[in-house]
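So the sequence shown is residues 3 to 292, counted in our numbering. C-beta atoms are modelled at their ideal positions from N, C-alpha and C, and glycine is treated no differently. Here the structure is a predicted model, which is why all the values come from computation and not from measurement. Below is one structure; the comments refer to it alone.
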Amino acid sequence: MGEASQNKSLRIAVLGSGFMGTALLKAWINAPESSNYTFAAHVRSSASLERLKQDVSNSGKVDLSFGDDKIVASVKGADIVVLGFLPTQLGSILQTPGLVSELSGKTVVSVLAGVSTQQLLDELKSASSGSDGEFKAACVIPTLGCGIGESVTLLATPSGSESQPHFQLVEEVFSHIGSVLRIPEAHMGSATAIGAAVHALAIVAMDTAVDASVAEGVPRSLAQDIVSSCLKSSGAMFAAKAFTPESMKAAMSTPGGITLNTFVHLDANTRPGIASAVRHAIGYTKGMND
3 MGEASQNKSL
13 RIAVLGSGFM
23 GTALLKAWIN
33 APESSNYTFA
43 AHVRSSASLE
53 RLKQDVSNSG
63 KVDLSFGDDK
73 IVASVKGADI
83 VVLGFLPTQL
93 GSILQTPGLV
103 SELSGKTVVS
113 VLAGVSTQQL
123 LDELKSASSG
133 SDGEFKAACV
143 IPTLGCGIGE
153 SVTLLATPSG
163 SESQPHFQLV
173 EEVFSHIGSV
183 LRIPEAHMGS
193 ATAIGAAVHA
203 LAIVAMDTAV
213 DASVAEGVPR
223 SLAQDIVSSC
233 LKSSGAMFAA
243 KAFTPESMKA
253 AMSTPGGITL
263 NTFVHLDANT
273 RPGIASAVRH
283 AIGYTKGMND
């Protein structure tokens, strides 16, 4: 049982409530499993604060603040602190007087792409006079599906971290807003790239299939329903391990059938592009970390 199950309440502070930070806040606020959570959200400008008020203030569960002089106060009393600002801001924000000492003993969760668990610990250590042992760090990459309870959260899993209470806490908290996949730290960059590429492919596939259907006379709303439902169904069967791509292809490929003819066309015209896109995404991610 994780720490979250043992506690009657939990407080989460989100620093840098941009698009993803705001999506996470809204998801946790609306998730039944998170009904005993309270939140703090900090942004750096009054404009961002006004936007955030429109998104989450009606819940009555979020304390909002803005400005560098309020950042330390925003994390006081928090069990988990989510870092949701730009990766390039990590070092400068941790230099805020008093912040790192306030983070000591709390679970610090990074949603910053390209930042490893060890890099986060190193940044925390360099901003303080303490040691790694004072900090409990985790790195995750959630998705916008969290807004409907369908996030695919990648959780970096350094060797030996699975049994650590703070790691189990992070896994449980993010499981309230979707699925959580444990990813070995060495593969986190590639896993992030794969997730990004597949989401991009799904968007392009959806957009293209709908437009092509409309061009052939199918009403747009009907085409959208068909395409999105088919994508969801196929993904669900793969996720349930009911089929492999090979076995599903065989099951759907009746001689002379529509699906088989479509496979042949896709193999000739689309497969190389998909492979190239995924490999490009992985290569691009590796370049970000060099």
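Check: Given 8 Å, three or more beta-carbon pairs between the region 78-89 and the region 99-113; Outcome: yes
Check: For residue 274, the three-state DSSP class (helix, strand or coil); Outcome: helix
Check: DSSP state of residue 25 mapped onto helix, strand, coil; Outcome: helix
Check: Under the three-state DSSP convention, the category residue 84 falls into; Outcome: strand
Check: Which residues DSSP lists as bridging residue 43, in chain order; Outcome: 16 and 66
Check: Residue closest to residue 196, alpha-carbon to alpha-carbon, out of 73, 205, 160 and 281; Outcome: 281
Check: The region 213-231 / the region 164-171 touching (three or more Cβ pairs under 8 Å); Outcome: no
Check: Meets three-Cβ-pair contact criterion under 8 Å: the region 139-155 and the region 172-186; Outcome: yes
Check: Status (buried if at least 16 other CB within 10 Å, exposed otherwise) for residue 15; Outcome: buried
Check: CA-to-CA distance, residue 75 to residue 205, given in whole angstroms; Outcome: 40 Å
Check: Backbone secondary structure at residue 108 - three-state DSSP; Outcome: coil
Check: Beta-carbon proximity list for residue 92, same chain, < 6 Å, skipping 5 on both sides; Outcome: 125
Check: Burial state of residue 266 (16 or more Cβ within 10 Å); Outcome: exposed
Check: Cβ neighbour criterion (16 or more within 10 Å) applied to residue 264; Outcome: exposed
Check: Pairwise C-alpha distance: residue 203 and residue 243; Outcome: 21 Å
Check: Same chain only: Cβ atoms within 6 Å of residue 44, ignoring 5 sequence neighbours per side; Outcome: 17, 67, 73 and 76
Check: Integer-rounded CB distance, given that residue 55 should sit under 8 Å from residue 40; Outcome: About 17 Å; that fails the 8 Å criterion.
Check: Residue(s) in a DSSP beta bridge with residue 158; Outcome: 185
Check: Every unbroken alpha helix (DSSP H) inside the region 193-245 [4 residues or more]; Outcome: 222-241
Check: Same chain, Cβ closer than 6 Å to residue 190, neighbours up to 5 away in sequence not counted; Outcome: 158
Check: Residue of 30, 32, 38 and 271 minimising C-alpha distance to residue 11; Outcome: 38
Check: Other residues of its chain near residue 5: CB distance less than 6 Å, five sequence neighbours each side excluded; Outcome: Here residue 5 scores only 48 on pLDDT, less than 50, and its place in the model should not be relied on; the value that follows carries that caveat. Answer for residue 5: 167 and 171, listed in chain order.
Check: Distance between beta carbons of residue 53 and residue 69, contact taken as under 8 Å; Outcome: That belief does not hold up - the Cβ atoms of residue 69 and residue 53 are roughly 15 Å apart, past 8 Å.
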